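Chemist: First to last, the sequence lines map onto chains A and B.
All residue numbers for the first sequence refer to my numbering, where the first residue is 12 and numbers rise by one.
All residue numbers for the second sequence refer to my numbering, where the first residue is 1490 and numbers rise by one.
Next up is a structure, given as structure tokens.
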Amino acid sequence: DAGVIQSPRHEVTEMGQEVTLRCKPISGHNSLFWYRQTMMRGLELLIYFNNNVPIDDSGMPEDRFSAKMPNASFSTLKIQPSEPRDSAVYFCASRAGTAYNEQFFGPGTRLTVL
Amino acid sequence: EDKVVQSPLSLVVHEGDTVTLNCSYEVTNFRSLLWYKQEKKAPTFLFMLTSSGIEKKSGRLSSILDKKELFSILNITATQTGDSAIYLCAVEGNTGNQFYFGTGTSLTVIP
């Protein structure tokens, strides 16, 4: 199994541009999580999906952020418009079942907004 | 407010030393506590703890949970330079898939 796949690995963009981050979870995993990691705030859960349905998006910073999971093998996190304070590493993680199983993290996307 | 607090924030030791990392939590409807190791990439899973007093062990690493006092420790014996990483503690609440991460302990092992 290739593990959780994220793309791109690095993204540099200018303020105001739209950014789309992509994630392919491990096959058979039915929960998917988007996290943001910064030095100041550590790992923050943005949103998670269970069986492709968004369960809790209370961690999404504001309306500029949106996430979709159109099917069990693909999810996107979009930022529009992007701002310099969005610069961070964005991780996607997936896990099987709904409890007592560890999450498997993707390699992350390092986003820099100039 | 649910939270996970790790200490110390950073630690520098010499190879061969033993270290103890701490994680305390206040999370509604605790379900499990997880330890992750993060080098210059994604966090990788180490342990999951659900019951008090039962030690989980993997090589030189071990961990134990105290659900009464709401904390866990991660021990690393005979440290090696390859143990240098950020160690993250996460607690899962029982309200679905809600995970709360601590800010991590940065461990540096010098030769």
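A virtual CB, placed ideally from N, CA and C, is assigned to each residue, including glycine.
The structure displayed is predicted, hence computed values, not measured ones.
Strictly below 9 Å CB to CB, what residues from chain A border B/Lys-1612?
Modeler: With chain B covering 1490 to 1600 only, the question about residue 1612 of chain B has no answer from this structure.
Chemist: Buried or exposed: where does B/Val-1494 fall if 16 or more other Cβ atoms within 10 Å of its Cβ makes it buried?
Modeler: Looking up residue 1494 of chain B in the second sequence gives position 5. Burial call: exposed.
Chemist: Using a cut-off of 8 Å between C-beta atoms, extract the partners of A/Glu-113 located in chain B.
Modeler: In the first sequence, residue 113 of chain A corresponds to position 102, counting from 1. Ordered by position in chain B, the residues that pass the 8 Å Cβ test against A/Glu-113 are Leu-1523, Phe-1534 and Met-1537.
Chemist: Going by C-alpha to C-alpha distance, which of A/Ser-84, A/Lys-35, A/Phe-85 and A/Tyr-101 sits closest to B/Ala-1531?
Modeler: On the second sequence, residue 1531 of chain B is found 42 positions in, with the first residue counted as 1. It is A/Tyr-101 whose Cα lies nearest to the Cα of B/Ala-1531.
Chemist: Let me know the beta strand (DSSP E) ranges lying completely inside the stretch 1535 to 1576 of chain B, each 3 residues or longer, listed in chain order.
Modeler: Segments of the beta strand (DSSP E) lying fully in the stretch 1535 to 1576 of chain B: 1545 to 1547, 1550 to 1555 and 1560 to 1565.
Chemist: For the beta strand (DSSP E) that contains A/His-21, what are its first and last residues?
Modeler: Taking the first sequence and counting its residues from 1, one reaches residue 21 of chain A at position 10. Where A/His-21 is concerned, the enclosing beta strand (DSSP E) stretches over 21 to 24.
Chemist: Spell out whether any CB of chain B is found under 9 Å from the CB atom of A/Tyr-101.
Modeler: Looking up residue 101 of chain A in the first sequence gives position 90. Not closer than 9 Å to any Cβ of chain B, the Cβ of A/Tyr-101 fails to qualify, so no.
Chemist: Note down the Cα distance separating A/Leu-125 from B/Glu-1558, rounded to an integer number of angstroms.
Modeler: To locate residue 125 of chain A, count along the first sequence from 1; it is residue 114. To locate residue 1558 of chain B, count along the second sequence from 1; it is residue 69. The alpha-carbon atoms of A/Leu-125 and B/Glu-1558 are separated by roughly 45 Å.
Chemist: In chain order, what residues of the same chain lie with their CB nearer than 8 Å to the CB of B/Lys-1556, ignoring the 5 residues before and after it?
Modeler: By 1-based counting over the second sequence, the position of residue 1556 of chain B is 67. So the qualifying residues of the chain are Phe-1519, Ser-1540 and Ser-1541.
Chemist: Run the CB neighbour count on A/Met-51, radius 10 Å, all protein chains shown included, and call it buried at 16 or more, exposed below.
Modeler: Mapped onto the first sequence, residue 51 of chain A falls at position 40. Exposed, because fewer than 16 other Cβ atoms sit within 10 Å of the Cβ of A/Met-51.
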